[in-house]
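The block underneath contains the structure these notes are about, expressed in structure tokens.
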Amino acid sequence: STVIVWFRRDLRLADNPALTEAARRHERVVALYVHAPGEEGEWAPGAASRWWLHHSLEALDASLARQGGRLEILRGRSIDGLRAAIEATGAAAVYFNRLYEPKAIERDKSVRRALEGDGIEVKSFNAALWVEPWDVATKQDEPYRVFTPFWRNARTRIDEIEVLPEPPLRLPQERYLRDGPLEVADLGLLPKRDWARGFAGWTPGEKGAHELLALFADDAVGHYVEGRDLPARHGTSRLSPHLHWGEISPAQVAAGLRSHAARRPKAADIEPYLRQLGWREFAHHLLYHFPRTPKENFNPKFDAFHWAKPDAHALRRWKKGHTGIPIVDAGMRELWATGWMHNRVRMLVASLLTKNLRQHWVLGEKWFWDTLVDADLANNAMGWQWVAGSGADAAPYFRIFNPVAQSEKFDPEGAYIRRWVPELAKAPGRLVHAPWEDETFLESSGYPPPIVDLKASRDSALMAYQSMRGGR
Ligand code: FAD
Numbered sequence: 001s002t003v004i005v006w007f008r009r010d011l012r013l014a015d016n017p018a019l020t021e022a023a024r025r026h027e028r029v030v031a032l033y034v035h036a037p038g039e040e041g042e043w044a045p046g047a048a049s050r051w052w053l054h055h056s057l058e059a060l061d062a063s064l065a066r067q068g069g070r071l072e073i074l075r076g077r078s079i080d081g082l083r084a085a086i087e088a089t090g091a092a093a094v095y096f097n098r099l100y101e102p103k104a105i106e107r108d109k110s111v112r113r114a115l116e117g118d119g120i121e122v123k124s125f126n127a128a129l130w131v132e133p134w135d136v137a138t139k140q141d142e143p144y145r146v147f148t149p150f151w152r153n154a155r156t157r158i159d160e161i162e163v164l165p166e167p168p169l170r171l172p173q174e175r176y177l178r179d180g181p182l183e184v185a186d187l188g189l190l191p192k193r194d195w196a197r198g199f200a201g202w203t204p205g206e207k208g209a210h211e212l213l214a215l216f217a218d219d220a221v222g223h224y225v226e227g228r229d230l231p232a233r234h235g236t237s238r239l240s241p242h243l244h245w246g247e248i249s250p251a252q253v254a255a256g257l258r259s260h261a262a263r264r265p266k267a268a269d270i271e272p273y274l275r276q277l278g279w280r281e282f283a284h285h286l287l288y289h290f291p292r293t294p295k296e297n298f299n300p301k302f303d304a305f306h307w308a309k310p311d312a313h314a315l316r317r318w319k320k321g322h323t324g325i326p327i328v329d330a331g332m333r334e335l336w337a338t339g340w341m342h343n344r345v346r347m348l349v350a351s352l353l354t355k356n357l358r359q360h361w362v363l364g365e366k367w368f369w370d371t372l373v374d375a376d377l378a379n380n381a382m383g384w385q386w387v388a389g390s391g392a393d394a395a396p397y398f399r400i401f402n403p404v405a406q407s408e409k410f411d412p413e414g415a416y417i418r419r420w421v422p423e424l425a426k427a428p429g430r431l432v433h434a435p436w437e438d439e440t441f442l443e444s445s446g447y448p449p450p451i452v453d454l455k456a457s458r459d460s461a462l463m464a465y466q467s468m469r470g471g472r
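If you count by this note's numbering, then the sequence shown holds residues 1 to 472, one letter each, in order.
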């Protein structure tokens, strides 16, 4: 019999439970991707994500070609694509791996109902998480709202998780789909602007993911605790886009780090890194149980918060990396140029926008959505609400980052700033963190003066917070 494996954000052959089960139970496997961004509503992939998707689909197609097959590509509604593929191939079953975004869940449920109504066997699997959102609950049988107890529970479950090898596949060699065949390029995912030139350092796809993992396991994982906060260094794994697109699973990451460590005389402690992956699990837990958090305050008290009026001019300066606050501008320019930003700097740019400029966190979330190659609804919503103070287990609002002090602490030589803000490449000493302290230098550098007075804006943010708490 023939089975269709419906690929979505599980763009890999190894450790792919839907694919493995399909190969085990059926004679022929048809690999299908249906491009249906409209089904994700306002959270259809942004520009940077589309760039990644284009290359990742090409990589998946190439991996399937090595096994003698190919990726069948369709465009339109998922249910229509699946039905067309079923009709063309005579498939009796559809297998896929689960997603956790509210729109995707709704779509998948209705696809399942429709196909089962047609007499098709439908099976879904977990390829993305260590613990699915319904696998762990508090003693009161409620979803977790605080990370530490969530992780304490989830952590006990992950060591036993099996990693599946790439299955041998019997893939059809002939093309089945009449209305096509579509190539990846036909989907028009690549941006027209040549803006993505700076993305060349990435290698989307399963192979690229394992290369990055090996690099990280070789060196940085051993210094993760100190290195992860220093944006000038490659102290983190940069696996986020690969994890988002399901080119590698957290179980594979953990297994890879363990086997690497086993071959070394002095094994690195991988727990702090696993814990960070735990935040990704927690974000998915939150999104599943509280599906409105990409748009609404997790903590409803914040509904009474007085944001400043939307300020298009300030928002534009923030997006372009022209706020005049060096560490913030370095981050925003890194984001624009590479589709990625260091975690510490993400916190600082988000804090400037939501606290010093008091712009609503959704504005920042949307910009990240469009420009990050790792844009992920669960992680992005949690990250923004965490910084804004409105989230689950968030940083308290009154703890407002001082970007100058943070910059001095985590980029002491200003190496990161100098790399991304060429106007400050030659700034002497401390001026790289606060160039406005020497007006003559600032004028000669061509770098803008700060968009806000950091101290005064901090004070008014605190006042706005106090008045929200006072219910005024
Ligand atoms: P590593 O330090 O190597 O961590 C390994 C993996 O753990 C990451 O790839 C990621 O999957 C996960 N992870 C690490 N930190 C976090 C975290 N704080 N929350 C959730 N998962 C985490 N991450 C995204 O993947 N997509 C987003 O859209 C996103 N938006 C963010 C927005 C804001 C405002 C903030 C503060 C953080 C955001 N993050 C997001 C989390 C974090 O910044 C990135 O996951 C991390 O920088 C990715 O780099 P890395 O792979 O080198 O991380």
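From the three backbone atoms N, C-alpha and C, an ideal C-beta is built for every residue, glycine too.
Computed from a prediction, not measured in an experiment: that's the story for all the values here.
Note on the region 22-108: whole alpha helix (DSSP H) runs with a minimum of 4 residues are 47-66, 78-89, in chain order.
Residues of the same chain with a CB within less than 6 Å of the CB of E101, apart from the 5 flanking positions on each side, are L377 in chain order. For the 8 Å CB-CB criterion, P403 and I451 do not form a contact. The Cβ atoms of R145 and A337 do not sit closer than 8 Å to each other.
Contact between A93 and V29 is ruled out by a C-beta separation of about 10 Å, above the 8 Å threshold. Not one heavy atom of the ligand FAD sits closer than 7 Å to the Cβ of G201.
Boundaries around V3 are those of the beta strand (DSSP E), 2-7, since no alpha helix (DSSP H) includes it. Shortest gap from the CB of V5 to any heavy atom of the ligand FAD: 7 Å or more.
By the neighbour-count definition (other C-beta atoms within 10 Å, threshold 16), E281 is a buried residue.
Here S124 is bridged, per DSSP, to F96.
With a threshold of 7 Å, the Cβ atom of L239 counts as near the ligand FAD, since some heavy atom of the ligand is closer than that. Here S110 carries a helix assignment [DSSP, helix/strand/coil]. Collapsing the DSSP output to three states places I158 in coil.
Your pair G321 and L171 does not check out as a contact, with CB atoms roughly 46 Å apart and the cut at 8 Å. Segment contact: the region 269-283 against the region 78-87, fewer than three CB-CB distances shorter than 8 Å; contact not assigned.
V373 and P241 do touch by the CB rule: their CB atoms are close to 4 Å apart, below 8 Å. The Cβ atoms of A232 and A415 lie closer than 8 Å to each other.
I417 and S407 do touch by the CB rule: their CB atoms are close to 7 Å apart, below 8 Å.
Judged by their CB atoms, W43 and P294 are nearer to each other than the 8 Å cut-off. Put simply, of S78, N16, L11, A375 the residue whose alpha carbon is nearest the alpha carbon of D61 is L11. In this structure, R9 lies away from L115, with their beta-carbon atoms at least 8 Å apart. Remark: C-beta atoms of L353 and G364 approach each other more closely than 8 Å.
Linking F150 to T156 through their CA atoms gives a straight-line distance of about 10 Å. Closest in C-alpha terms to E423, from the list G339, A330, S351, comes A330. When Cβ pairs closer than 8 Å are counted between the two stretches, the region 123-139 is seen to touch the region 152-166, the count reaching three or more.
The Cβ-Cβ distance between W386 and A395 falls below 8 Å. Comparing C-alpha distances from H360 to each of A251, A59, P448, F302 shows the shortest one belongs to F302. Distances taken from the Cβ of N343 to the heavy atoms of the ligand FAD include one shorter than 7 Å. E174 sits exposed, since fewer than 16 C-beta atoms from the chains shown fall within 10 Å of its C-beta.
By the criterion of at least three beta-carbon pairs nearer than 8 Å, the region 204-214 is in contact with the region 236-253. Note that the C-beta distance between Y288 and V221 is not below 8 Å. Taking 8 Å as the cut-off, the Cβ atoms of L74 and L57 do not count as close. Cβ neighbours of P165 within its own chain (closer than 7 Å, five residues either side excluded): A14. Around the beta carbon of M463, fewer than 16 other beta carbons sit within 10 angstroms, so the residue counts as exposed.
The Cβ neighbour count for S1, taken over all protein chains shown within 10 Å, is under 16; the residue is labelled exposed.
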